[in-house]
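Protein chains in written order, with our numbering: chain A, 459 to 734; chain B, 14 to 273.
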């Protein structure tokens with residue numbers, strides 16, 4: 459093993475899924491906030507930048523449909539990854555992102571270690587905070603998607619449901635959107651950019667690879683497993699090209715700036731809108 | 014997993030998803046027809062209920078015979094048992110008047126939300142720029158429960174909602190235009206599903222941030238300590254009582270770090 463070896467962490471398709479959710483999420487956040495804050499001066503300006511009230515709303519609807527489509531394609535992708543002959547291992551094994559009891563154990567170990575007891579947990583392929591982020595999106599999109607479609611077609615929905623369901627749908631849509639934005643723009647960006655071990659950027663989701671020495675430090679159980687299964691050589695890949703690194707650094711920081719701008723300005727102007 | 018198995022899986026699941034999409038399309042097409050959009054639909058007179066969905070407009074009579082004396086509705090035991098005082102009934106009875114504001118002093122010089130403060134909460138007004146009169150009508154504004162009012166729930170969907178939302182039916186008209194404050198305790202009585210949905214989401218947001226913000230700070234400090242060759246913040250253990258510290262040290266002994 460040499461420190462300059464790079465291990466493949468995400469496939470091309472997985473990175474496309476991430477890029478898809480980044481773009482649609484930012485679109486939804488900007489167009490959603492332009493509608494939510496329309497009664498404020500900032501909301502007016504933001505709506506103007508996005509092409510006016512109707513255009514911003516149309517962009518929100520189109521973005522939502524694209525987000526749901528991406529989610530459905532992702533579900534299909536997940537289903538193809540399940541090994542039906544080895545179902546339990548496939549769903550609850552170390553390569554699976556499904557939470558298990560070890561995650562609670564790892565959290566407990568990490569907290570104890572922080573206070574000076576025991577050692578750091580030996581994390582495998584997916585850390586518990588990565589799993590939380592993934593499943594947060596996994597429950598968030600169906601909730602946002604379902605309530606969003608209900609609000610898009612209220613007359614049709616009211617052929618089978620009472621209208622007061624739309625009051626609840628609007629409330630859930632807004633609250634889940636605010637929760638998702640808070641989590642992504644504060645917690646996810648922390649793990650992606652501001653964690654001391656990752657600063658200035660966790661490149662794995664864009665480059666698709668991670669340096670072996672970083673992997674050994676962060677995911678010792680996975681590195682050990684790869685070594686035991688003699689897969690290190692198989693999953694070795696090239697480091698990302700310089701031009702590509704520049705590109706995704708610009709993109710990543712632009713997304714981060716947009717997210718912080720929306721979140722901070724949203725908090726400042728929240729006193730001027732009724733969140734109903 | 015070999016490529017042949019993956020390919021076979023993909024075909025099966027692709028067909029499955031296509032099947033689900035076709036099913037959804039059939040469901041949408043097969044939604045009940047919006048047959049109740051233009052007729053008056055509700056009657057509390059028992060003998061008319063069975064005719065409510067006949068589809069024949071004015072095929073049955075909906076008359077104000079169902080007026081009952083106003084009663085105090087306190088949740089639970091007092092419901093419909095205590096009659097309102099003459100004064101309180103006088104206020105409540107306004108909701109049945111042909112001119113809801115008849116006899117109010119200085120009425121012409123006041124605005125709607127001066128008195129109807131709770132009704133100022135409306136997405137239609139805030140986002141859609143719709144004013145009160147566009148739905149409640151010109152003067153004299155009939156009370157909502159008045160038999161001939163377009164806002165009467167028996168015809169609100171056809172006379173008010175459908176002017177913008179084409180095809181709106183009586184179910185659609187149950188949308189609460191003037192939403193109560195979702196977190197208020199009074200909403201627990203008037204719109205419990207709204208109240209509980211709100212508090213569930215508030216707790217979820219607060220819980221998520223309450224866990225992850227300190228967790229992120231912990232990771233920052235821990236990673237800074239790791240750069241100095243330590244796993245955690247050793248000094249923090251000094252704040253833990255000695256007897257607990259001994260137990261924890263026995264249960265979770267430090268392990269030697271493997272050589273790089």
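Think of the CB as a built atom: it goes at the ideal place given N, C-alpha and C, for glycine as much as any other residue.
| Check | Outcome |
| --- | --- |
| For residue 526(A) and residue 599(A), believed in contact at Cβ under 8 Å, the rounded distance | 7 Å |
| Any chain B beta carbon closer than 8 Å to residue 610(A) | no |
| Per-residue DSSP class, three states only, for residue 693(A) | coil |
| C-beta atoms of residue 134(B) and residue 178(B) nearer than 8 Å | no |
| Any C-beta of chain B under 8 Å from that of residue 634(A) | yes |
| Whole-angstrom C-beta distance between residue 464(A) and residue 695(A), which should lie under 8 Å | 5 Å |
| Any chain A beta carbon closer than 8 Å to residue 184(B) | yes |
| Secondary structure, alpha helix (DSSP H): runs of 4+ residues fully inside the region 169-257 of chain B | 169-172, 198-203 and 205-240 |
| Residue nearest to residue 235(B) in terms of C-alpha spacing, selected from 710(A), 672(A), 682(A) and 653(A) | 653(A) |
| Bridge partners - residue 668(A), DSSP secondary structure assignment | 465(A) |
| Delimiting residues of the alpha helix (DSSP H) encompassing residue 553(A) | First-last for residue 553(A): undefined, no H or E at that position. |
| Residue 216(B): contacting residues in chain A (beta-carbon distance under 8 Å) | Here the premise fails: no neighbours, minimum Cβ distance about 11 Å. |
| For residue 480(A), the first and last residue of its enclosing alpha helix (DSSP H) | 470-494 |
| Meets three-Cβ-pair contact criterion under 8 Å: the region 553-565 of chain A and the region 577-585 of chain A | yes |
| Residue 816(A): contacting residues in chain B (beta-carbon distance under 9 Å) | Examination of residue 816(A) is not possible in this model, given that chain A is present from 459 through 734 alone. |
| Validate contact between the region 509-521 of chain A and the region 486-496 of chain A using beta carbons, cut 8 Å, 3 pairs | yes |
| Below-8 Å beta-carbon distance, residue 717(A) vs any chain B residue | no |
| Through-space distance from residue 159(B) to residue 172(B), alpha-carbon basis | 14 Å |
| Residue closest to residue 671(A), alpha-carbon to alpha-carbon, out of 664(A), 682(A) and 663(A) | 682(A) |
| Span of the alpha helix (DSSP H) around residue 506(A) | 499-507 |
| Own chain residues within Cβ distance below 6 Å of residue 13(B), not counting five before or after | Chain B is shown only over 14 to 273; residue 13(B) falls outside these bounds and no answer can be derived. |
| Coarse secondary structure for residue 30(B), derived from DSSP in three states | helix |
| Three-state secondary structure assigned by DSSP to residue 638(A) | helix |
| Meets three-Cβ-pair contact criterion under 8 Å: the region 645-662 of chain A and the region 218-233 of chain B | yes |
| Alpha-carbon spacing of residue 261(B) relative to residue 560(A), whole angstroms | 20 Å |
| Contact with chain A by residue 165(B), beta-carbon distance below 8 Å | no |
| Chain A contact residues for residue 236(B), given Cβ-Cβ distances below 7 Å | 653, 654 and 655 |
| Residues near residue 646(A) in its chain [Cβ-Cβ closer than 8 Å; skip 5 each side] | 591 |
| Residue span of the alpha helix (DSSP H) that contains residue 133(B), given as start and end | Careful: residue 133(B) lies outside any alpha helix (DSSP H) and carries neither H nor E. |
| Contact the region 621-638 of chain A vs the region 196-216 of chain B: 3+ CB pairs below 8 Å | yes |
| Own chain residues within Cβ distance below 6 Å of residue 544(A), not counting five before or after | none |
| Amino acids of chain B, ordered along the chain, whose beta-carbon sits closer than 7 Å to that of residue 513(A) | Result: empty, since nearest Cβ-Cβ is about 16 Å, beyond 7 Å. |
| Minimum Cβ-Cβ distance from residue 68(B) to chain A less than 8 Å | Because residue 68(B) sits at a pLDDT of 40, beneath the cut-off of 50, its placement in the model cannot be relied upon, and the following sentence gives the value as read from the coordinates. No, its Cβ sits nowhere closer than 8 Å to a Cβ of chain A. |
| Buried or exposed (CB count within 10 angstroms, at least 16 for buried), residue 587(A) | buried |
| Continuous alpha helix (DSSP H) stretch holding residue 151(B): start and end | First-last for residue 151(B): undefined, no H or E at that position. |
| 9 Å Cβ cut-off: residues of chain A touching residue 249(B) | 572, 573 and 574 |
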